[in-house]
Structure formats: structure tokens, C-alpha cells
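S.K.: Structure in C-alpha cells, see below.
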Amino acid sequence: LRDQSGAAISATVSYDAGTRTATLATTAGLLAQTTFTATVSGGVTGVRDLAGNALASDVVWSFTTGAPAPPPDEGPGGPILVISSSSNPFGHYYAEILRAEGLNEFTATDISLVTPAMLAGYDVAVLGEMPLTPSHVAMLTDWVGNGGNLIAMRPDKQLAALLGLSDQTSALTNAYLQINTASAPGADIVSDTIQFHGAADRYMASGASTVATLFSDATTATTNPAVTIASVGTQGGQAAAFTFDLARSIVYTRQGNPAWSGQERDGISPIRSDDLFFGAAGGDVQPDWVDLNKVAIPQADEQQRLLANLVLHLERMRKPLPRFWYLPRGAKAALVMTGDDHGNGGTVGRFNQYKTLSAPGCSVADWQCIRSTSYIYNGTPGMDNVASLGFVNDGFEVALHVSSNCANWSPASLATFYSSQLAQFHAERPDVPLPQTKATTSRSRRWSSPTASASTRTTTSIRRTGCRTARASSPAPRCPCASPISMAAASTSIRRRRR
């Protein structure tokens, strides 16, 4: 195989006698939008059949690779347009939310690039929280009047009339909402009150129907809507509003209170991720960031489910939208099993136990076998290169247990921990894949910065983290940090991992 300049491409060739198939596998991926030429050599030194007859002459053909995939935050295209603004980077996160909800039929762009002609090519627009110019308002109003479906996040007050809302000139911050689950789009969402984080503007519904209502606390309803839908014009247009910034709420609910970043709040050193959720700090007693009476509810998940339901509800009269399910076989839940091996050598016994308990002939690829991850210290007994590779080939994951020696860290020192310990991991296990698309964890979950750890993992190509956030003795609430969606940095750039 050669590229268009004639340079040979590094590759290996295998042959399956059963199917009489030869397969060429390139060592690295091929460049996009590039022409390559493949040659099966004939003649005296070329390939031969089983009887020894040589191929008469070379067989040559060419092919051109396709275009590269678009950047993840731009989307693959489809009837949904995600509109964000540089004034509020949280708007970029709606692309990640839609993708996590199995709705990958979207394009993401900045409001400065949106024109009436462009908008006319989409059925649904998700508009992030942002200030709008009068021309933006006119463009969106005309589009909805012509049959478009708008979902506006904490909308500019200039959109109130279009949305069927009357402004009450006040706001409610870090409170609760309750979804009407009696009908779509609230059906199948939790009916209890759930928290939202950030500010919600208070409106009265004046032409819009209420999908969810704001609560000032977990039990006290207001007369103000949290989510609404209004029918607009005679062409089937609809305008929906979240009176708060849904993306901000989801990020803050999962990642904690940014105002508590770097604070030792639970009184147990070092700083860990649970400090971002712990309210009762000495000298600064506040409510816990996540209401422990609601901890059994995946509140951020339910909020983004509501957005997904709303998109499908608005689009139902236009076309059906395919939606990927989260798990194989329509399963409603999956248990991702992980464990730490602090150099005690427990991995071998545990992995062998899972192999024994798995059904004979089970398929790892089809999720039929019991498999898990072990995060190991370098130098863990019984987990040398040969043993680790054997378990990896059996479908287990062997990944590094990064340690900061239970001390707080700076971004620079954390980067050093990762680079040095990953290098040692590779030196001890040269044939075991580095945890590039897998997971790593840190003992006791030091979390000196809310995003530096994710940023460092991104630079090392680690894209998912499984962890615990508190010791059993800690007074802090146990909050999950193995998020089902990528983290957002302070700039709301996505610290990506892929399931």
C-alpha cells in the first residue's frame, strides 16, 4: 500500500486459510481525503495459489479516504442547530448534552454566524443563554413564525413575548423545580422536586403552557415556570424556554460549587472533590451543594433527559429522530466495576474469580462476561508485563493508580505525577496499552483544583475517570465523580472522555 507520493505505508498482512482471505492492516490510521494505491504482486516473486501457480501480473487499484469527522463540539449535522455565544461558553455544552442523550443529529455554531437562510435549514434550534441584538430577535421570531421550533435557555428578555412569558423582574438562585410528568415532554421524568444550580428568571406564563414549575425550596412552589412551551403562528412553530441556564445547572450539579474551589471544607486533608459539595465548613456553614434528601435522584441526568424529551416532542410533527440508547440490549443500567490495588497483589485473585464466575464461552464484546478494571500501583506483585497482558487479552483493564502521596497538588506537580508514573507503568508493562481511552484514579481523591485533574488527563489522553470522593469516615456527602458526560473547564471547554 502506497500513498499518493509513492511512499510505502507501514502495515502487516495476515491470511485466513478457512476463508481464503488476506488482510492488510495499517500500523497507523490513514490520512483523510487522501488517495492510496494498493498492489497485489504477481509474477515469479508474487503471490501463488495452493497449487503453486503464480498470479500472472500485479493487480493494482486505488481508493480515496473520506473526509475527517467534524470536531466533537461542532456535531455531525442534522435537523438540530445548537447556537452558542462567546459571551457565555456554557452554551457550547449543549452539544455534549445532546450527544450524551443519544441525539447526534446536530450542528453547533456561534450566534454571529447564524443567518435567516442558515436557520431555515433546521427544524429545532437550542439557543444558549446570551444577550441578543434586535436583529437576532427578529430573525428568531420570523423563523418560529414560519414553523421553527426554538428552545431558549434563560432567554434574553426581548424574547419574552415570543415565548409567551411576562417578566417579573426578579430571579431565584440555586433552588428547585418540579416537572409535570402527566404528559409529554415531562413523561418518564422524576416527579419529585429536584435542584437546579444558577439563576432562574421569574416569569408568569401568559400564553405558554408550563412544563415545570420553580420551587423556592424542596416543598414550596412558586407561581413561576421553570420550563414552558408556547405555540406560535399558523405554521406549527413552537417556542420553549428554560428560565435558567440548563447547561450551567448540569455542570455545577455534577462538578460542584465553583465558589468553593480550593477550599478545605470538610476538615479532612487533603482537598478532595467532595469539598466542592460540603456545606458545613467551619466558619462558613451553608447548605450542602447537593441536597442529601435528593441524593438518590440523578438530578443532572433528569434535567438533560427533559431537554432530550423536549427536542423529540417539538420535532415529532416534522420527522422521527433516531436516538441511540445508552447501553446494549436496551438495558436500563450498567455496573462499571473498578477496584484499587495498593501494591497488595489482590488483582490476580479477583480477576481469576471473575473468569471462574463468567459463563463458559461468554463474549466480552457482547457484555456477557464479568469483567472489571484494576487500578494498580507500579510494582504491584503478580502484575508484571506477561500477567497484565494476559488479563487485558481476556477483556480486563489494567490501569495506573496515580498517587500524589495523599498530599495536595498544583497543576504542575500533578502533571509530573502523571508523566513519571505513566512512564514507569509502561516500562513495567511495555505490551499493555496505556490508559489512553480508559480510566485512572487517585487515592483518597485529592482534588486541589476542580478542573486541573481533568485537564491533565486530557494532555495524557486519559479520557475517563472512575473514583470515589470520600473516605468512609468523612462527614462529607459522597458525590459521584465518574460522570456520564465530559467535564467542563472554567471556560467550558470540554475535557473529553468517551464511553
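Residue numbering for the sequence shown follows this note's numbering, beginning at 932 and increasing consecutively. All C-beta atoms, glycine included, are put in the ideal place defined by N, C-alpha and C.
Return the Cβ separation of residue 988 and residue 973 in integer angstroms, given the expectation that the two are a contact with Cβ distance under 8 Å.
M.R.: That belief holds up - the Cβ atoms of residue 988 and residue 973 are roughly 4 Å apart, short of 8 Å.
S.K.: Measuring alpha carbon to alpha carbon, tell me which residue in 1289, 1237, 1254, 1298 is nearest residue 1267.
M.R.: Of the listed residues, the one whose Cα sits closest to residue 1267 is 1298.
S.K.: What residues in its chain sit with their C-beta under 8 Å from that of residue 1323, if we drop five residues either side in the sequence?
M.R.: Only 1329, 1363, 1364 meet the Cβ criterion.
S.K.: If you follow the beta strand (DSSP E) that residue 1074 is in, where does it begin and where does it stop?
M.R.: Note, residue 1074: premise wrong, no beta strand (DSSP E); alpha helix (DSSP H) at 1065-1076.
S.K.: Could you give the C-beta distance for residue 1276 and residue 1313, rounded to a whole number, given that I count them as a contact under 8 Å?
M.R.: Contact holds; Cβ gap of about 5 Å.
S.K.: Return the CA-CA distance between residue 1282 and residue 1241, expressed in angstroms with no decimal places.
M.R.: Cα to Cα, residue 1282 sits roughly 43 Å from residue 1241.
S.K.: Tell me which residue opens and which closes the alpha helix (DSSP H) that residue 1049 is part of.
M.R.: Run containing residue 1049: 1047-1050, per the alpha helix (DSSP H) assignment.
S.K.: Specify, as a first and last residue, the run of the alpha helix (DSSP H) that residue 1014 falls within.
M.R.: Counting along the chain, residue 1014 falls outside any alpha helix (DSSP H), though it belongs to the beta strand (DSSP E) covering 1011-1015.
S.K.: For the stretch 1146-1164 against the stretch 1120-1128, do three or more pairs of beta-carbon atoms, one drawn from each stretch, fall closer than 8 Å, so that the two count as touching?
M.R.: Segments in contact, yes.
S.K.: Could you have a look at residue 1177 and say whether DSSP puts it in helix, strand or coil?
M.R.: In the structure shown, residue 1177 sits in a helix (DSSP, three-state: H, G or I).
S.K.: Would you call the stretch 1164-1175 in contact with the stretch 1077-1088, where contact means no fewer than 3 C-beta pairs closer than 8 Å?
M.R.: Result yes; three or more Cβ-Cβ pairs closer than 8 Å.
S.K.: Tell me the rounded alpha-carbon separation between residue 1115 and residue 1252.
M.R.: Looking at the two C-alpha atoms, the distance is approximately 16 Å.
S.K.: Return the CA-CA distance between residue 1317 and residue 1202, expressed in angstroms with no decimal places.
M.R.: Taking the straight line joining both Cα atoms gives about 37 Å.
S.K.: Give the straight-line distance between the Cα atoms of residue 1010 and residue 1258, rounded to the nearest whole angstrom.
M.R.: About 24 Å.
S.K.: Do you know offhand how far residue 1334's Cα is from residue 1303's?
M.R.: Approximately 20 Å between the Cα atoms of the pair.
S.K.: Measure the alpha-carbon distance for residue 1375 versus residue 1173 and round it to whole angstroms.
M.R.: Low confidence applies to residue 1375: its pLDDT is 39, below 50, so where it sits in the model is not reliable, and the reading given next is rough at best. Rounded to whole angstroms, residue 1375 to residue 1173 spans 37 Å at the Cα level.
S.K.: Sort out for me which residues DSSP pairs residue 1241 with in a bridge.
M.R.: For residue 1241, which the question treats as bridged, DSSP gives no partner whatsoever.
S.K.: Shortest alpha-carbon distance to residue 1103 belongs to which of 1017, 1131, 1111, 1270?
M.R.: Among 1017, 1131, 1111, 1270, the Cα nearest to that of residue 1103 is on 1131.
S.K.: Give the single residue among 1109, 1072, 1198, 1239 whose Cα lies nearest to the Cα of residue 1161.
M.R.: Residue 1072 is the option with its Cα nearest to residue 1161.
S.K.: Residues bridged to residue 1217 by DSSP?
M.R.: DSSP, once it has assigned bridges, lists no residue as partnering residue 1217.
S.K.: With which residues is residue 1098 paired in a DSSP beta bridge?
M.R.: DSSP output for residue 1098 lists 1134 as bridge partner(s).
S.K.: Just curious, the alpha helix (DSSP H) that residue 1359 is in, first and last residue?
M.R.: Unbroken alpha helix (DSSP H) run through residue 1359: 1342-1359.
S.K.: Keeping to the same chain, check which residues put their C-beta closer than 7 Å to that of residue 1180; ignore five residues upstream and five downstream.
M.R.: Hits under 7 Å: 1127, 1128, 1129, 1234.
S.K.: Would you kindly check if the distance between the Cβ of residue 1148 and the Cβ of residue 1183 is under 9 Å?
M.R.: Not in contact: residue 1183 and residue 1148 (Cβ atoms no closer than 9 Å).
S.K.: Please report the distance separating the alpha-carbon of residue 878 from that of residue 1150.
M.R.: The structure shown does not extend to residue 878, since the chain spans only 932 to 1430, so no value can be given for it.
S.K.: Return the chain-ordered list of same chain residues with a C-beta closer than 6 Å to the C-beta of residue 1070, the five sequence neighbours on each side being excluded.
M.R.: Excluding positions up to five away in sequence, the list reads 1047.
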